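First up is the structure itself, then whatever we jot down about it.
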Amino acid sequence: MLNLYITGADEHSDKIFVTAGLTATMNSLGYSTGVYKPIETGVEILNNFVQSPDIAFIKFVDPYIKTYYSYLFKSKNSPLLAAAAENIVIERNIILRDFQNIQDVNECLVVDGVSGLASPLSKNFLEEDMIKCLDLPLLMVVSAKNPSLNNVILSINHAKETGINMRGVILNNYPQKCDDVNLRLMPRLIEEYTEVKILGILPEFTKNINPNDLIGEMLNSVDIEGVFQLRIAKLQM
5 MLNLYITGAD
15 EHSDKIFVTA
25 GLTATMNSLG
35 YSTGVYKPIE
45 TGVEILNNFV
55 QSPDIAFIKF
65 VDPYIKTYYS
75 YLFKSKNSPL
85 LAAAAENIVI
95 ERNIILRDFQ
105 NIQDVNECLV
115 VDGVSGLASP
125 LSKNFLEEDM
135 IKCLDLPLLM
145 VVSAKNPSLN
155 NVILSINHAK
165 ETGINMRGVI
175 LNNYPQKCDD
185 VNLRLMPRLI
195 EEYTEVKILG
205 ILPEFTKNIN
215 PNDLIGEMLN
225 SVDIEGVFQL
235 RIAKLQM
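Here's what the structure looks like:
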């Protein structure tokens with residue numbers, strides 16, 4: 005199974021573009037693909053239907069991607085606070101149960117996390133605990149907007165020290181022309197000080213991007229085979 009967990013180095017990583025882009029790309033390459041969003045905050049009620057912004061964007065990019073969730077909250081606050089506002093406790097057993105029920109439905113299942121390994125989900129349950137509970141390799145998305153190399157290196161090395169399998173890093177929102185020496189050196193320094201590979205460098209996207217353009221950018225700028233640890237025949241042609 006080509007299952008993967010995606011989180012952001014922080015809540016401003018714009019990782020949804022990576023999640024949607026990677027899954028749409030795998031779908032286009034012939035792999036049945038799904039996205040599991042254990043926890044979504046900031047949902048809206050439209051015409052008596054619950055609307056999840058991230059799931060809606062994934063469906064915009066590729067309506068054939070199967071999507072799943074466990075918890076939807078109206079508040080845009082962190083999962084812990086959003087759940088408390090609705091008198092709900094996020095339970096790891098429910099997330100694990102839901103994941104186990106769908107992990108074999110698709111050839112490729114991407115779990116879209118909550119951005120921040122230390123993000124509290126409930127008492128004694130952080131995002132890093134959820135990753136280990138699901139036993140998935142981790143792809144971390146790092147935004148080049150106001151980046152903190154210190155925080156990125158700390159997050160990656162902390163993940164490794166806690167036993168999380170770090171698959172790699174994707175740099176997001178990276179400018180095409182970069183005069184900032186800190187940004188230019190960032191990919192090399194991340195690899196040097198974490199021994200984790202940079203698997204892709206992506207520009208800034210907007211929510212109205214043409215889905216084909218997003219897929220094309222993924223194919224051109226991301227090591228898809230490295231992300232999923234799979235040799236893909238169509239990419240060798």
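Numbering (the working numbering), first residue to last: 5 to 241.
All residues carry an ideal CB built from backbone N, CA and C; glycine is no exception.
Only a predicted model underlies this, so the values are computations on that prediction, with no experimental measurement involved.
Endpoints, alpha helix (DSSP H) assigned at residue i
i      : result
Asn161 : 153–165
Arg192 : 185–198
Gln104 : 96–106
Any non-hydrogen atom of the ligand SAH closer than 8 Å to residue i Cβ
i      : result
Asn150 : With respect to the ligand SAH, the structure offers nothing, as it holds no ligand at all.
Per DSSP, the bridge partner or partners of residue i
i      : result
Lys114 : Rather than Lys, the amino acid found at residue 114 in this sequence is Val. Looking at the DSSP assignment, Val114 forms a beta bridge with Leu8, Val39.
Phe129 : Ser126
Leu175 : Val146, Ile205
Val226 : Gly204
Met170 : Leu142
Classification of residue i by the beta-carbon crowding that lies within 10 angstroms, buried from 16 upward
i      : result
Thr166 : exposed
Pro67  : exposed
Leu239 : exposed
Pro42  : buried
Ala89  : exposed
Glu44  : buried
Cys112 : buried
Val146 : buried
Ile92  : exposed
Leu140 : buried
Glu196 : exposed
Asp108 : exposed
C-beta contact flag for residue i and residue j at 9 Å
i      : j      : result
Lys211 : Phe53  : no
Asn110 : Tyr9   : no
Ser126 : Ala163 : no
Ser79  : Gly46  : yes
Ile106 : Tyr178 : no
Ile69  : Ala13  : no
Gly120 : Glu15  : yes
Lys201 : Val226 : no
Val114 : Gly38  : yes
Element boundaries [beta strand (DSSP E), containing residue i]
i      : result
Ser255 : Because the chain in this structure spans residues 5 to 241, residue 255 falls outside the shown range and cannot be described.
Chain B within 9 Å of residue i, Cβ atoms only
i     : result
Ser56 : The structure shown has no chain B; it contains just one protein chain.
Practice item. Taking only runs that begin and end inside the stretch 30–93, name each unbroken beta strand (DSSP E) of 3 or more residues, in chain order. Key: 37–44, 48–50, 53–55, 70–76
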